[in-house]
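Engineer: Mind having a look at this structure? Questions to follow.
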Amino acid sequence: MNFTINKRYFYEKLSIVSRAISVFSPLPAFSGVKIEVNPSEIILTGSDSDISIRSSIKPNEENQLKINDTGNIVIEAKYILEIVRKIEGEDIEIEVIDDTLTQISGTNAQFKINGMRSADYPAIDFSQPKESFSISSSVLKEIITQTCFATSDRETKPVLTGVNFSCQDQTLQCVATDSYRLAKKIVKIEDSLDFNITIPSKSLQEVLKSIGEEETIIFYVDNKKVQFLIDHTIIQTRLIDGAYPETNRLIPNNFHYELRIDSKELLSAIDRASFIKNDGVYIIKFSLDKNECILSSSSAEVGSSMEVLSNATFEGDHLNVSCNGRYVFEALKALNSGEIVFRLCGEMKPFTIHTDGDDSIMMLVVPLRTYA
């Protein structure tokens, strides 16, 4: 195996596939990047068995790839990334010189590193699922950033650690919840499909890191795995087993109160009160009235805060609602909008948060009972 390639380009591709590699992998081979050199392309693979990333490199003017000899090798990811990043020169040469001993050469430096046989690397099935649809990178970014934050970080209910993607006809619904809050994003797609899957939040975060500014991503899906085809890179992930809970029943149908407020003002007010915590949780209380809207927080150990929300408008009778401040803060950050609309039903009933004029995204927060 022997090839030369532009250093910067090769490092970028190595960085992408190495995102799938876990330092805690029980299989030694999974700590490395598999490099396969064929007559017409190089294929890089990284995996931790749950998520796998495969990127192909074909010769072009940008990468200056020259394939001198075919072959394959597995090299420890942390070592090859460090060498390629630090070695000097525009182009580098990589050659297997003796069984698994691999030589990496730059302008004035040369490294020799022991690799592993590719035969020891577990077989990964990259076969393409039958159902697929296209989605723009900007829309997929919105889906991930506006839902993943609401997934659970507890493994007691594994299905809640992922985002549920369900599609009927041309409507794709993406839902995340940890039982105390919920985020729902609805997107229209061109293809008429029918599926219901749950993708691990961790995998979606890795997809997010690999998305460019303006590109089309092809989403392949079946009942065992999904693939995201981004340029010449495939990001493949397992699905989470188990039925996702029916979340529509959590969303109220009728609302009796409405609060409109600038999101920046509310974010700043919540942030200022965030140091006042009870058992590690900062609880905020909305005292809402047509004449005045107040955000307050209190703790017997720390103290209290009170702030009038000057640009808020409220419709309905007087209402007090308490909730986890972090849940509201993260929902507002994910919406990333100007004016925000809260729709409420009562003191202890879930309330929803919307972007004014955009019905495709909705956040829901379950209130907390306080005795102050």
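Residue numbers (the working numbering): 7 to 378.
No residue lacks a Cβ here, since even glycine has one placed at the ideal position from N, Cα and C.
As the structure is a computational prediction, the values presented were derived from the model and not from experiment.
Could you say which of T153, K92, I130, R123 lies nearest to Q116 if we only look at CA atoms?
Structural biologist: Nearest C-alpha to Q116: K92.
Engineer: What number of angstroms, rounded off, separates the C-alpha of E353 from the C-alpha of V327?
Structural biologist: Rounded to the nearest angstrom, the two C-alpha atoms are 5 Å apart.
Engineer: Measure the C-alpha to C-alpha separation of N229 and F171 and round it to an integer number of angstroms.
Structural biologist: Going by the C-alpha atoms only, they are around 12 Å apart.
Engineer: In chain order, what residues of the same chain have a beta carbon less than 7 Å from the beta carbon of E336, not counting five sequence neighbours either side?
Structural biologist: F155.
Engineer: Give the straight-line distance between the Cα atoms of G38 and G52, rounded to the nearest whole angstrom.
Structural biologist: Roughly 7 Å separates the two Cα atoms.
Engineer: Between the beta-carbon of E99 and the beta-carbon of L199, is there less than 7 Å?
Structural biologist: No, these two residues do not count as a Cβ contact at 7 Å.
Engineer: If distances are taken between C-alpha atoms only, which option among I217, F234, R60 comes closest to I224?
Structural biologist: Ranking the options by Cα distance to I224, first place goes to F234.
Engineer: Following the continuous beta strand (DSSP E) through I27, name the residue where it begins and the one where it ends.
Structural biologist: Per DSSP, I27 belongs to no beta strand (DSSP E) and is neither H nor E.
Engineer: Let me check understanding here. Comparing Cα to Cα, which of N8, S140, I63 lies closest to D197?
Structural biologist: The candidate whose alpha carbon is nearest that of D197 is S140.
Engineer: Quick check on the burial criterion: 16 or more other C-beta atoms within 10 angstroms. Buried or exposed for I359?
Structural biologist: Buried, by the Cβ-count rule.
Engineer: May I ask which residues mark the beginning and end of the beta strand (DSSP E) holding F117?
Structural biologist: It spans 116 to 120 - the beta strand (DSSP E) in which F117 sits, taken as one unbroken run.
Engineer: Hey, how far is the Cα of V23 from the Cα of D175?
Structural biologist: If you take the alpha carbons of V23 and D175, they lie about 33 Å apart.
Engineer: Tell me the rounded alpha-carbon separation between S142 and E42.
Structural biologist: Rounded to whole angstroms, S142 to E42 spans 30 Å at the Cα level.
Engineer: Pick from N317, R332, F348, L374: whose alpha carbon is nearest that of I367?
Structural biologist: Closest by alpha carbon: F348.
Engineer: Alpha carbon to alpha carbon, what distance is there between Y250 and S274?
Structural biologist: For S274 and Y250, the distance between alpha carbons rounds to 35 Å.
Engineer: On a CA-only basis, which of F36, I59, N69, Q152 is nearest N12? Give me that one, please.
Structural biologist: Among F36, I59, N69, Q152, the Cα nearest to that of N12 belongs to N69.
Engineer: Short of 8 Å in beta carbon distance, which residues of its chain neighbour G218, apart from the five on each side in sequence? Order them along the chain.
Structural biologist: Only S143, I236, D237 meet the Cβ criterion.
Engineer: Anyone know if the C-beta pair for S305 and I282 falls short of 7 Å?
Structural biologist: Their beta carbons are under 7 Å apart, which means S305 touches I282 by this criterion.
Engineer: Given a cut-off of 7 Å on the beta-carbon distance, is the pair T319 and S343 in contact?
Structural biologist: Taking 7 Å as the Cβ cut-off, T319 and S343 do not qualify as a contacting pair.
Engineer: Alpha carbon to alpha carbon, what distance is there between A189 and T153?
Structural biologist: In a straight line, the C-alpha of T153 is about 5 Å away from that of A189.
Engineer: Between the beta-carbon of R244 and the beta-carbon of D56, is there less than 7 Å?
Structural biologist: Closer than 7 Å, so yes.
Engineer: In the DSSP assignment, the beta strand (DSSP E) including D197 goes from what residue to what residue?
Structural biologist: Looking at the DSSP string, the run of the beta strand (DSSP E) that includes D197 is 187 to 206.
Engineer: For I149, which residues in the same chain have their Cβ closer than 6 Å to its Cβ, ignoring the five residues on either side in sequence?
Structural biologist: C180, K191, listed in sequence order.
Engineer: Report yes if the C-beta distance between Y333 and R187 is below 7 Å; otherwise report no.
Structural biologist: Contact flag set, yes.
Engineer: Would you verify that the beta carbon of D285 is, or is not, closer than 7 Å to some beta carbon of chain C?
Structural biologist: No chain C is present in this structure, which holds just one protein chain.
Engineer: What do you reckon, are the CB atoms on I241 and T204 nearer than 7 Å?
Structural biologist: No. Outside cutoff.
Engineer: Output needed for S31: all residues of its chain with C-beta closer than 7 Å, excluding positions within five of it in sequence on either side, in chain order.
Structural biologist: Same-chain partners within the cutoff: S37, D54.
Engineer: What are the partner residues of Q174, as DSSP defines its beta bridges?
Structural biologist: T177, D200.
Engineer: Express the C-alpha separation of L256 and P164 in angstroms, rounding to a whole number.
Structural biologist: Each residue's alpha carbon lies about 20 Å from the other.
Engineer: Would you kindly report the start and end of the unbroken beta strand (DSSP E) that includes T309?
Structural biologist: It is Gly, not Thr, that sits at residue 309 in the sequence shown. First-last of the beta strand (DSSP E) with G309: 309 to 314.
Engineer: In three-state DSSP terms, what is I130?
Structural biologist: Coil, per DSSP.
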